[in-house]
Amino acid sequence: MKILLEPILVSIVAGLFILVIPKRFRKVIEFFSLITSIYLFIAGIRIFFAAPLNAGYFYVDGLSRFIVPAIGFFGMLVTLYSMRSMASYKDISSYYTYVLWTIGSSILAAISNNIILLLISWGFLGFTLYALINISGPKAAAISKKTFIIIGGSDSLMILGFGMMWLTTKSLNLSDMRIDIAAPMALWSFLLVAAGAFAKAGAMPFHTWIPETAQEAPISVTAFLPASLDKLLGIYLLARLALNVFILNSFTYAILMVVGSVTIIAAVMMALIQHDFKKLLGYHAVSQVGYMVLGIGTGNPIGIAGGLFHMLNHAIYKCCLFLSAGNVEHKTKTSELDNLGGLSKIMPITFLATLVASAAISGVPPFNGFFSKWMIYQGLIEKGKSGGVLWIICLAAAMFGSGLTLASFIKLIHAVFLGQRAAGKVQERRDEVSWQMWLPVSILAILCVIFGIFAFQVPLKFFIKPALGAGITFIGNWHALKAALLLLAGLAVGLVIYFLGNFKSVRESETYIGGEPVGKDMRLSGTEFYNTVKEYGFLGVIYKKAEAGFFDIYEQGKALVFGVGGFFQYLHNGVLPTYLVWTLLGMLGLFLFFMR
104 MKILLEPILV SIVAGLFILV IPKRFRKVIE FFSLITSIYL FIAGIRIFFA APLNAGYFYV
164 DGLSRFIVPA IGFFGMLVTL YSMRSMASYK DISSYYTYVL WTIGSSILAA ISNNIILLLI
224 SWGFLGFTLY ALINISGPKA AAISKKTFII IGGSDSLMIL GFGMMWLTTK SLNLSDMRID
284 IAAPMALWSF LLVAAGAFAK AGAMPFHTWI PETAQEAPIS VTAFLPASLD KLLGIYLLAR
344 LALNVFILNS FTYAILMVVG SVTIIAAVMM ALIQHDFKKL LGYHAVSQVG YMVLGIGTGN
404 PIGIAGGLFH MLNHAIYKCC LFLSAGNVEH KTKTSELDNL GGLSKIMPIT FLATLVASAA
464 ISGVPPFNGF FSKWMIYQGL IEKGKSGGVL WIICLAAAMF GSGLTLASFI KLIHAVFLGQ
524 RAAGKVQERR DEVSWQMWLP VSILAILCVI FGIFAFQVPL KFFIKPALGA GITFIGNWHA
584 LKAALLLLAG LAVGLVIYFL GNFKSVRESE TYIGGEPVGK DMRLSGTEFY NTVKEYGFLG
644 VIYKKAEAGF FDIYEQGKAL VFGVGGFFQY LHNGVLPTYL VWTLLGMLGL FLFFMR
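Taken in order, the sequence shown gives residues 104 to 699; the numbers are from the working numbering.
In structure tokens form, the structure reads like this:
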């Protein structure tokens, strides 16, 4: 029990201590926060190696054991990164306090067995998310309010769902619950709690806070919460419900598969047309949740394992991508793709990390994203053995979504790193960010390679299989190391040919059209690659509605509330005859009711 309570108590006490340190001792605050985050990561590793525990309020099994060290790991990297990225922010004490409290609350949520304790930690995470977004100042106030309402509203649904689960089982501990989805209220309780998991992870229709948060919040906050911790916790809760709490049927699994497929396609289509680096990543953070939900929705071991593995992989490469975006913004003071270009030689470490993470999220072998998507595809094929056509539609959506993901990252890499440099926007000399900012992205990029090439030997063996508690049977074979060696050999041959070609004198000419040189105002930044998609028939209509907030559950809810409020405001207008009419109508209604 002590090993579980230590990281939670340390995060609380350390956060309070930071608040009393005078703000002029900035370096002390940063160093103390980094040391605390390292300790929390080590505490997470200790929990990982601890024996399974069922102690009433707390429950530690294979699923929660690999979530906890991951929380500490991302917290440590983001804290290190923040030492430079948050240098311009004044209220650094509050920032690091909220970061440490977020780590502690996330660990508590992952090991909670009691639903009340889980709700407390889950709700507190909503508060810290709101506070961390607000660190950006007044410009982020509207986004933080929207996020808080969506997350808070989904938490209310969770409370209702957990209450129905308690009525069914008469227990407050998840480990004591085993509910058949056919039981009374069971389906509704599952869907209500799953809504809370969807909102935390960012699945549709509770996703709209993520792209806007990505655009306005500090980049370290986006990399820490929507990109990594929120995905880990949201999918963890969904997996806990599907694996341990509920006995799901084919209809419930079909709901998950449909939600996952729609999330994949709709979000990646929105990502395809974005002109802002961070907002593009925000939509991909939504799209990738679809793969996780889809994997769990297959209901078979390899599909669920693929969903869990993709959850971990996504946290790695998406955190890397957001931090890389932060590096670019830190150096260029912009995240607009139209104003970027030519950074590959100026920021080589950031470029390589972004390239690796982009390949990973696109499902390019031999990186980690390919392996987890391959497992999800196998889960869908296995699902197809039971008949039906839904698995075919979902498989096509998953593969098509992966292709669109690659397309959007080709656009991003070209626009930011390989395209023509924006005039007057970027300096010529090499100028990488400081080590506190390039080291975290380098570590994450290396993990994308290791978790792809050595997937069988490391993540599946130590994390995924113990979490699933069941054997995984692969339909086909994939020799990642051999494939990686062949790819490296091909790259080596290409480099040799390239360098041999450079020995010859080659005349280089500037880009020209009709014999005339192309001016800087005519350059193609890459953001125009897929603009025609927005103008294609019904897609153009959908894009216009999406950009107008038609599919935004928050905007529609706000319109409904203000509409109803406006209607009643119109009725209560302060005119006495109007009130007399309402009184007479009320009396008439009562008379008719009692005369029945």
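Each residue gets a CB set at the ideal place from its N, CA and C atoms; glycine is no exception. Every value quoted in this text rests on a predicted model; they were computed, and no experiment measured them.
Note that the segment 329–338 touches the segment 392–411; at least 3 beta-carbon pairs, one per stretch, sit closer than 8 Å. Across the structure, Thr635 and Ala374 are spaced so that their CA atoms are roughly 14 Å apart.
Residue range 679–697 is occupied by the alpha helix (DSSP H) that includes Leu691. Shown here, Ser215 sits in a strand according to DSSP, grouped into three states. For Phe425, the CB contacts under 7 Å within the same chain, skipping 5 residues up- and downstream, are Ile322, Thr325, Ala326, Ala330, Leu384 in chain order.
The C-beta of Ala570 has 16 or more other C-beta atoms within 10 Å across all chains shown, which makes the residue buried. A contact between stretches requires three or more CB pairs, one per stretch, nearer than 8 Å, and the segment 561–570 meets this requirement with the segment 163–170.
Our two residues, Gly504 and Ala158, have alpha carbons roughly 42 Å apart in a direct line.
Take Leu294, set aside five residues on each side of it, and the residues of its chain with a beta-carbon closer than 8 Å to its own are Gly264, Ile358, in chain order. Beta-bridge analysis with DSSP links Asn580 to no other residue.
Within the same chain, and ignoring the five residues on either side of Gly629 in sequence, the residues whose Cβ sits closer than 6 Å to its Cβ are Lys514, His517, Ala518, Gly522. With contacts defined as CB atoms closer than 9 Å, Asn217 and Asn276 qualify as a contacting pair. In the structure shown, Tyr356 falls within a helical segment according to DSSP collapsed to helix, strand and coil.
Counting other Cβ atoms within 10 Å of its Cβ, Val371 reaches 16 or more and is therefore classed as buried. Rounded to whole angstroms, the gap between the alpha carbons of Ile407 and Met414 is 11 Å. Nearest C-alpha to Thr250 among Trp312, Pro451, Tyr162, Gly305: Trp312. Using a C-beta cut-off of 8 Å, the segment 219–234 makes no contact with the segment 135–154, since fewer than three inter-stretch Cβ pairs fall below that distance.
Under the three-state reduction of DSSP, Phe349 is assigned to strand. Going by C-alpha positions, Phe697 is about 39 Å away from Trp269.
The Cβ-Cβ distance between Val561 and Met450 does not fall below 9 Å.
Exposed is the label assigned to Asn580, since fewer than 16 other Cβ atoms lie within 10 Å of its Cβ. Asp534 is not bridged by DSSP to any residue. Met104 counts as exposed, since fewer than 16 other C-beta atoms from the protein chains shown sit within 10 angstroms of its C-beta. Per DSSP, Met267 is one residue of the alpha helix (DSSP H) stretching across 244–272. Shortest Cα-Cα distance from Lys476 to any of Gly490, Thr401, Ser438, Leu455 involves Thr401.
Counting the other CB atoms within 10 Å of its CB gives Ala213 a total of 16 or more, which places it among the buried residues.
Closest option to Pro125, judged by alpha-carbon separation, among Ala548, Ala463, Gly640, Lys193: Lys193. In the DSSP assignment, Phe641 falls within the alpha helix (DSSP H) that extends over 640–650. Counting along the chain, Asn416 sits inside the alpha helix (DSSP H) bounded by residues 404–435. Tyr386: member of the alpha helix (DSSP H) spanning 380–400, first to last residue. Residue Ala320 holds the alpha-carbon nearest to the alpha-carbon of Lys382 among Ala320, Ile253, Ser292, Gly226. With at least 16 other beta carbons inside 10 angstroms of its own, Phe474 counts as buried.
Of the candidates Asn403, Gly604, Ile484, the residue whose Cα lies closest to the Cα of Ile575 is Asn403. Note that the segment 657–673 does not touch the segment 465–474; fewer than 3 beta-carbon pairs, one per stretch, sit closer than 8 Å. For Ser278, there is no enclosing alpha helix (DSSP H), as DSSP marks it with neither H nor E. Below 8 Å, too few C-beta pairs join the segment 444–462 and the segment 188–203 to call them touching: fewer than three.
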